[in-house]
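In my numbering, the protein residues as written are -3 to 590. By construction, the Cβ of each residue, glycine as well, lies at the ideal position given by its N, Cα and C atoms. Contents: one structure, followed by commentary.
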Amino acid sequence: MSNNPPLRFSHNHHLLSVKGCDAESDVLAFEGDEALSTPFSYRIEFTSGNHAISREMMLMKPGSLTLQAPVDQGYGIKVQQPVRVIQGVVTGFERLGTSKDETHYALTLQPRLALLDRSHQNAIYQDMAVPQIVEKILRERHGMRGQDFLFSLSKEYPRREQVMQYGENDLHFITRLLGEVGIWFRFTTDTRLNIDVVEFYDSQQGYENGLTLPSVPPSGQHSKGVDSVWEMESHHNVVQKQVSTRDYNYRQATEDMNTLVDATRGDATTYGDAYHWADNYLTAGNSHDRNPAPESGAFYARIRHECYLNGQTQTRAVTSCPTLSPGMRLKVTGGYEVADVFAQGVVVTAMHSHARRDKDFGVRFDGIPDSPDFSFRPEPGSRPVMAGTLPARITSTTENDTYGHIDKDGRYRVNMLFDRDNWETGFESLWVRQSRPYAGDTYGLHLPLLAGTEVAIGFEDGNPDRPYIAGVLHDSAHGDHVTIRNYKRNVLRTPANNKIRLDDERGKEHIKVSTEYGGKSQLNLGHLVDSEKQQRGEGFELRTDSWGAIRAQKGMFISADGQTKAQGQVLEMQPAVSNLGDAREQMTSISDDA
C-alpha cells in the first residue's frame, strides 16, 4: 500500500469550512493574530455564489481554515496540500457586498475558549488548586470535555482555601489565575475529532520542537520555493536584577515572609530590585531552590523574575512558513545576517498571519530566546480591586443556632449574598476574621454573631481572596434595638437579653445593668424608671428576684453621709464616727435623765 498522501487539486490556496454550511466558498483574504495565553482570532474574507448565507448558518458553528502549500509530488508536479488546520468556532459574520455572480462575506474564527469572555460571573471556589478551578469552569460552565483541553504540568499546585471571582468574565478570570502561577496555554487542532484543543503548560517542556529555516530574503525565496526567514530583529533591554516578595499570614503572624530571587544567577546586564507585596502566599519557601514549592514566596519571586526576563531579549522576524505557530521552537541558519539569538533558537510567542489571492502568505512573529534559565510567563491579568464592602450573612452548621458558630481562632463562616452555588450549610466560605474595635493577646472585645446576621465583608488591600468582616448591620429581618422610639438611649443587649443601658436624656440620665437569670437581677443608677419609662425612684438600686449576697473580706462600710460628686476618700469615716459619737452622747444623756 502506498503511503503517499492523496492528490488534492484546488484553485484555492487556502480552504474554509463551516459545519452545516454547504455553500461553496472561495477564500479571498485573511488576517490572523495568535499568541501564547491568548485566544487566536482570524478574520477571513470569502466569496460565494450563494447570496443567502445568513448569520444563523454561521454564528456559533464549528469552522476551520486549512492553510495549504505546494508540495512536490514528483516529476515536477506541485499540488496544494494541507500543512496546517486552524479549528475554532465562528464568532463574527459580515456581509460586505454583492454582485450578480457572487457575494462578498467575512467571518471571524476563534477558539471556543474565546467564548468565555461572554460569561460574566460572581462565584466562590473553595479548597481547589488553580488547575482544578480552571477545569471546573471549562467542564461545568462551558460543557467542555476531556478531549477539549489538556493539562501537562510539571508541578503539583496546592489547594487554595478560597478564590473569589467578582465581576470578571470567565476568560479574564482563568487567564488571571493561570498567569499568577506562571501557567501558559496554546491551541492545537485535533484533526481526527475536528476540534480545537487548549493545552496548558508551566515550563519549557510545553514548547513544540519545530523548525529550522534558512535566512533567505524574499527575492530568493520565490526562486527556490523554500520557506525562509528574513527581516530579523533582536531588541535587548535592561530588566530587573532580582525580585523580592513579602506577605503577611495572620495564621503564623511572626513568621518571616521575605524572599529574594535572581533567576539569572548574576547577569551583569540587569539592574534593580522589584519588590512585590502580598502575592497571596502562606509560606516563604526556599529562595535558593531553582524549583521552589509552588505558590510559596520563593515560587512567586521566581515566576515574577522570569516574566521580567521575557522582556530582556525580544525578537521579530518575517517568514513564509505556514506551519509556524505560537509555542514552537525555531532556529535560523545562514551567515553573518543571522544574530546569535536566532541561530541558537527562539520560541514564538506571538504572530500575525496574512494572505490574499493576489499576495503570498506571510507571518510576522515575535519571540524570546529558548533559554534553560526561564520559560515564557504570561503577564498576570489585573485582579479586581474590591472597593467598599459586600453584603453577607453569618452562617452555621446548626439550624437556628442559639450561639455563634466560630472556630478555635474566633473566626466565622459567611454566605456571600452574590454567591449562587448550593454549598453545604455552614460551609459557604473559608473561616473569616472579624475586625473589632479592641483586640490583643487573649483580650479584646468580641460579641459573638449569630447565624443570619448581616455583615459587611471588606477585603485586605482590595484583594477578593482576602475577605474579613468589616462591620455588622441590622436589616428588615433583624431590626435595630435603638430607633426613633428610644434614640436617647445607648444599649448593649445580647440575644439572651443581658443588657447594659445608658440613657442620655438630659435630667433623666440613668444606667441599667441587668440579666434574666433567676427572674431578673439589676443594678440601676440615676433616674430609675419602669418598663413604661415612668419614674420609680432615683439614686441607685441593686435588686434580684433570686438570692442575694454582699461580701467584703476586709470590711463593709455603709453610711448615709453625703459626699457630693464623689469628692473625698471612699472610706472617709469621720462624719460617720462623729454621728455615732453624737448618738452615743444622746443615749448617755437620756439614760442619765432616766
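Beta-ladder partner(s) of residue i, from DSSP
i: L469; result: E450
i: R379; result: DSSP output for R379 lists no bridge partner at all.
i: E41; result: A25, A102
i: P78; result: Q64
i: N411; result: R389
i: H401; result: H401 is not bridged to any residue.
i: H474; result: D471
i: I554; result: Note: I554 sits in no beta bridge, so no partner.
i: Q430; result: I465
i: A346; result: A31, D362
i: P58; result: V85
i: Y271; result: S240
i: F147; result: F196
i: Q310; result: H231
i: H10; result: L63
i: K327; result: T208
Cβ-based neighbour list, residue i, same chain, cut-off 6 Å, excluding 5 preceding and 5 following
i: V509; result: I496, L519
i: P213; result: W226
i: N575; result: none
i: D415; result: I120
i: N282; result: P288, A294
i: V359; result: T315, L320, M347, S349
i: H218; result: Caution is warranted here: a pLDDT of 48 is assigned to H218, below 50, making its placement in the model unreliable, and the coordinate value is therefore given only provisionally. So the list is empty, once near-sequence residues are dropped.
i: D29; result: S37, H348
i: H100; result: T43, L92, G93
Buried versus exposed call for residue i [16 or more other C-beta atoms within 10 Å across all chains shown]
i: L506; result: Reading the sequence as shown, one finds His at residue 506 and not Leu. Result: buried.
i: Y304; result: buried
i: Y121; result: buried
i: H284; result: exposed
i: D362; result: buried
i: G591; result: No statement about residue 591 is possible, as the shown extent of the chain runs from -3 to 590 and does not include it.
i: D653; result: This structure cannot settle anything about residue 653, because the visible part of the chain is limited to -3 through 590.
i: D411; result: Per the sequence presented here, residue 411 reads as Asn, with Asp not at that position. Flag for N411 reads buried.
i: V222; result: exposed
i: D476; result: exposed
i: R298; result: buried
i: G216; result: Confidence in G216 is poor, its pLDDT being 47 and thus under 50, which makes the residue's placement unreliable; the coordinate value appears in the next sentence. The residue is exposed, with fewer than 16 neighbouring Cβ atoms inside 10 Å.
i: D18; result: exposed
i: P1; result: A caution first: P1 carries a pLDDT of 40, below 50, which makes its placement in the model too unreliable to give a value.
i: I586; result: exposed
i: R156; result: buried
i: Q563; result: exposed
i: H10; result: buried
i: Y408; result: buried
Sequence-distant residues of its chain with Cβ nearer than 7 Å to residue i (five each side left out)
i: D192; result: Q83, G84, P107, R108, F183, T185
i: F455; result: M382, R462, P463
i: R325; result: Y203, E204, N205, G206, G341, V343, D366
i: H523; result: K504, E505, H506, Q531, E534
i: A31; result: P322, T345, A346
i: V79; result: L63, Q64, A65, P318, T319
i: T187; result: V81
i: A435; result: none
i: S(-2); result: Low confidence applies here, because S(-2) scores a pLDDT of 37, under 50, leaving its location unreliable and the question unanswered by this model.
i: S371; result: S199, Q200, E302
CB-CB length for residue i against residue j, believed under 8 Å
i: G45; j: V86; result: Wrong, their Cβ atoms sit about 20 Å apart, outside the cutoff.
i: A294; j: V235; result: Not a contact, Cβ separation roughly 19 Å.
i: M311; j: S392; result: Correcting the residue type first, residue 311 is Thr in the shown sequence and not Met. Wrong, their Cβ atoms sit about 59 Å apart, outside the cutoff.
i: S150; j: S199; result: 5 Å
i: I390; j: L446; result: 7 Å
i: Y153; j: E291; result: 6 Å
i: P322; j: A346; result: 6 Å
i: R247; j: A270; result: R247 to A270, Cβ: 27 Å. No contact.
i: G178; j: R379; result: That belief does not hold up - the Cβ atoms of G178 and R379 are roughly 16 Å apart, past 8 Å.
i: T208; j: T329; result: 6 Å
i: K484; j: D499; result: 6 Å
i: A388; j: L413; result: 6 Å
Cβ of residue i within 7 Å of any chain D Cβ
i: I133; result: Checking the listed chains, one finds no chain D in this structure; it contains a single protein chain.
Neighbourhood of residue i by C-beta, 8 Å cutoff - its chain only, sequence neighbours within 5 removed
i: L189; result: Q143
i: D589; result: none
i: G163; result: H116, N118, P380
i: R51; result: F89
i: P127; result: F147, L149, Y153, I179, F196
task = Any chance you could list the beta strand (DSSP E) runs of at least 3 consecutive residues sitting entirely within the segment 476 to 541, in chain order?
result = 485 to 489, 495 to 499, 506 to 511, 517 to 525, 531 to 540
ask   = What residue ranges within the segment 82 to 132 form continuous alpha helix (DSSP H) runs of no fewer than 4 residues, ordered along the chain?
value = Entirely contained in the segment 82 to 132, the alpha helix (DSSP H) runs reaching 4 residues are, in chain order, 126 to 132.
task = Could you name each continuous alpha helix (DSSP H) segment of 4 residues or more that falls completely within the segment 195 to 260, going from the start of the chain to the end?
result = 214 to 220
task = Please specify which runs of the alpha helix (DSSP H), each continuous and at least 4 residues long, are wholly inside the segment 158 to 191, giving them in chain order.
result = Assignment of alpha helix (DSSP H) within the segment 158 to 191, counting only whole runs of 4 or more residues, yields 166 to 176 in chain order.
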